[in-house]
Amino acid sequence: MTATESNSARQAAPASRMASFLQSLASVRVGIVVLSLIAATSLVGSVIRQGGTEEEYLSLYGEKTYHFIKLFGFDDAYHSVWFYLLLALFAMNLVACTVRRMRSIKGERERRAKAPPDVRALAAAGPGFTAPAGSLGEISRRLAASSYRKKKLSETAELYEKGLLARYGVVIVHASILAVLLGGLIGLVGGDRGFIVLNVGETAEAAVSRERTRRPVPLGFAVRCKDFNITLYPGGQPKEYASDVEILDGRGEVVKAGRIKVNQPLSYKGVRLYQSSYGMSNRYTFKVDGREVALGEQEVARTGRTPFMVVRYAAEVHDFGPGVMVAYMDGEEPKTLWFLKDVERMRTHTLQGSRISLEGITGGYYTGLEMSRDPGVPVVLTGFGLMLVGLYINFFTSHRRIYVVSDDAGIHVAGVAARNREGFREEIERLSKDLS
Amino acid sequence: MITHDMILGISTILYLALFFLYIVYFAAGKKGILRIAWYCLLVTFAIQTAGIGLRWVESYSLGMGHAPLSNYYESLIFFSWSVSLFVIAMRRRLFPVITFAAATASLALMAYASLFPGIERGIQPLIPALQSNWLHVHVITCFLAYAAFLVSFTCGGLYFFESRGIVPPGRILEDINYRSIIIGFSMLTSGILTGAVWAHYAWGSYWSWDPKETWSLITWIVYALILHLRFTGGWRGKRTALLSIIGFASVVMTYFGVNFFLAGLHSYAT
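For the protein sequence lines, the chains are A and B, in the order given.
Quick note: to get our numbering, add 484 to the position in the first sequence (first position is 1).
Quick note: to get our numbering, add 29 to the position in the second sequence (first position is 1).
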């Protein structure tokens, strides 16, 4: 800002200072700069690793660069304060530009209503022609056939208009972008996300956040995985996988049941559950000194004299069938030992005086569900629809006006088009040819 | 037994013939050759369409049954097809040199798809995430956008040559460029939005800042800027020509670059 400008700004009354701020906010130039900055941030975010751990950054970029990245929040660029600020500025710019445009459309309408333009001057400047007297009915009929709407301006002048909505195309597109941003904001404030891992038969009442805190995200109901199904292609790649689930309310009653497939989420009370991953998890039953213990992977049994855990599972151990490798502490020293389920001699071992035998291995799938609660989605989807409609109206329709004025010399026809003037010229020329 | 490979091979050879037909036209300047070239393009396009169709049919006999829009190889062929479709649809407005550039791009894409080592060319099973009707509309709109932007890029590049001989006058290049951009921009918007809706159903989030998504947004912003600079800034001529070249660089990054340099959710497209 130059010195004189800042002086005049200081002298101005607060109201007009506000107005001038709004005016500069409404400038397309501001919009272009902000939009460019959003693109630049997106670019940086796509190149620099997002949401990694400190160690990852240090090994990838070195210490100096990491400090720089951290300082500007480039490790989470799309959720950094200044990216949100950019989006907010962009939204304000859109609102301001839209208001200004609505005003100018209204102003233009009023101006035109007061003083209809000089048709002969229009005809000289743009597409137009003079038809012989008596062809008025024919012109009217032809224009009506091309869906022009007629408006009588005076005894001798008529206005034919088409594509009135086209002037609002830009407004619709801009409003739709605002709707998408608003929907995003609603999702950000009122939404929640997480994931749920369920073995077949298990029930969960909360998801786990993917954030580093791993905080629980309550569902507001319980979900039970009744069954998990997977079908494979002949080559062994997964073709389809699905979880059969039940939704249970607070009293434990089943209120909804259904199948969640990839591309086919299940929705209940604003929460959507998506099939996201799956895997195998085994449970191992041991008898420790006559007592039964069921263990999952990495679970430690503390029933006997020494704690132990399963560290490895093999479906086939040297042709002897399935077995598990068990780790235990022998004093200070970690040791491992194989238990083979189908070999009597290898099924039971004595560890530090405890008699331990592998009784059974039950295999099962677990299902990985993605959970999302996003009240902004309907708003975003409405924005999407509006954007497509707006783009179509803006780019592929045009506001066309044709003035028809009769006087002694004949009937003067002249028109104005806001867009695709080439096509409009052709239309007028065709009309002229048809009449002669 | 006729396979889709053979038919696509024939279409590649025809694209090569088309390339030389245009070269001959530019050298000899006979209008008759242009007519032949046009029919050659139509035949090539029809054969390529048949090849893609047959690949679709063959996938059913392999027990997979999906549209050939699922991996990098298939996307390259579809890109080439989209470019020809766009050129044929724009017929009345285009100039021989633009059709020539588009046909050369189609040829290059076909040749790259069928000759470059390391591209998986077999029909592969469709992973569950891609098993959706959104796949078709998402891929088709995106590649039509890419095709339109390719034509816009051609106009932008030609603008820097003197309008003489085969190079059309600047005003016409400007007009074709603009038309291509509005079609491309509308298609890209549709592509991004259908992708977002699909992601909402498949991944649980309509926007995840996956590199492909991010770059498509960057491309979208670049073209939005071009349109605004044109309408409200009054930018014309060399400046818009340069911008359409930058825009296409962003398209190339979105389509190729992301696959090779940045890993993400769209990584099946490599």
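All C-beta atoms, glycine included, are put in the ideal place defined by N, C-alpha and C.
Here the structure is a predicted model, which is why all the values come from computation and not from measurement.
For residue i, report the span of its alpha helix (DSSP H) as first-last.
i	result
residue 133(B)	125-144
residue 852(A)	Where residue 852(A) is concerned, there is no enclosing alpha helix (DSSP H), although the beta strand (DSSP E) it sits in stretches over 838-857.
residue 922(A)	Here chain A has residues from 485 to 920 only, and residue 922(A) is not among them.
residue 879(A)	861-880
So the candidates are the options; which of them puts its Cα closest to the Cα of residue i?
i	options	result
residue 609(A)	909(A), 918(A) and 808(A)	909(A)
residue 34(B)	58(B), 97(B), 48(B) and 72(B)	97(B)
residue 109(B)	140(B), 282(B), 86(B) and 83(B)	140(B)
residue 872(A)	124(B), 60(B), 287(B) and 217(B)	217(B)
residue 746(A)	207(B), 160(B), 66(B) and 171(B)	160(B)
residue 815(A)	789(A), 571(A), 906(A) and 642(A)	789(A)
residue 620(A)	837(A), 642(A) and 629(A)	642(A)
residue 835(A)	825(A), 819(A) and 704(A)	819(A)
residue 260(B)	55(B), 211(B), 172(B) and 241(B)	211(B)
residue 721(A)	107(B), 126(B), 154(B) and 62(B)	154(B)
residue 754(A)	640(A), 856(A) and 511(A)	856(A)
residue 864(A)	277(B), 253(B) and 223(B)	223(B)
residue 63(B)	51(B), 267(B), 56(B) and 104(B)	51(B)
residue 174(B)	213(B), 250(B) and 200(B)	213(B)
residue 628(A)	656(A), 571(A), 646(A) and 613(A)	646(A)
residue 737(A)	750(A), 707(A) and 654(A)	707(A)
From which residue to which residue does the beta strand (DSSP E) around residue i run?
i	result
residue 676(A)	676-683
residue 708(A)	700-716
residue 736(A)	Per DSSP, residue 736(A) belongs to no beta strand (DSSP E) and is neither H nor E.
residue 807(A)	807-814
Indicate whether at least one CB of chain B lies closer than 8 Å to the CB of residue i.
i	result
residue 516(A)	yes
residue 908(A)	no
residue 854(A)	yes
residue 758(A)	yes
residue 724(A)	yes
residue 507(A)	no
residue 562(A)	yes
residue 746(A)	yes
residue 915(A)	no
residue 836(A)	no
residue 750(A)	no
residue 865(A)	yes
residue 879(A)	yes
Quick one: list the residues of chain B neighbouring residue i, beta-carbon separation under 8 Å, in chain order.
i	result
residue 900(A)	Result: empty, since nearest Cβ-Cβ is about 17 Å, beyond 8 Å.
residue 529(A)	238 and 243
residue 871(A)	218 and 222
residue 565(A)	Per Cβ cutoff of 8 Å: no residues; residue 565(A) is ~16 Å from chain B at best.
residue 512(A)	257, 261 and 262
residue 766(A)	Result: empty, since nearest Cβ-Cβ is about 24 Å, beyond 8 Å.
residue 717(A)	92, 93 and 154
residue 868(A)	222, 225 and 226
residue 875(A)	214, 215 and 218
Answer yes or no: does any C-beta atom of chain A fall closer than 8 Å to that of residue i?
i	result
residue 250(B)	yes
residue 154(B)	yes
residue 291(B)	yes
residue 299(B)	Residue confidence is low: residue 299(B) scores 45 on pLDDT, short of 50, so the model does not pin down where it sits. Its coordinate-derived value is still stated next. No, its Cβ sits nowhere closer than 8 Å to a Cβ of chain A.
residue 199(B)	no
residue 202(B)	no
residue 97(B)	no
residue 234(B)	yes
residue 77(B)	no
residue 275(B)	no
residue 143(B)	no
Would you grab the beta carbon distance between residue i and residue j for me? Rounded to a whole angstrom, and I think it's under 8 Å.
i	j	result
residue 44(B)	residue 132(B)	6 Å
residue 622(A)	residue 870(A)	40 Å between Cβ atoms; not a contact.
residue 523(A)	residue 247(B)	5 Å
residue 185(B)	residue 270(B)	4 Å
residue 717(A)	residue 710(A)	Contact flag wrong, Cβ pair sits at about 25 Å.
residue 168(B)	residue 115(B)	Going by Cβ atoms, the distance from residue 168(B) to residue 115(B) rounds to 15 Å, so no, they are not a contact pair.
residue 801(A)	residue 779(A)	About 18 Å; that fails the 8 Å criterion.
Applying a beta-carbon distance threshold of less than 7 Å, which residues of chain A neighbour residue i?
i	result
residue 229(B)	861
residue 253(B)	519
For a contact defined as C-beta to C-beta under 7 Å, what are the partners of residue i on chain B?
i	result
residue 522(A)	250
residue 526(A)	243, 246 and 247
Residues of chain A with CB under 9 Å from residue i, in chain order?
i	result
residue 217(B)	The premise fails here: residue 217(B) is roughly 10 Å from chain A at the closest Cβ pair, so nothing lies under 9 Å.
residue 51(B)	Result: empty, since nearest Cβ-Cβ is about 27 Å, beyond 9 Å.
Under 8 Å Cβ-Cβ, which residues of chain A neighbour residue i?
i	result
residue 158(B)	746 and 747
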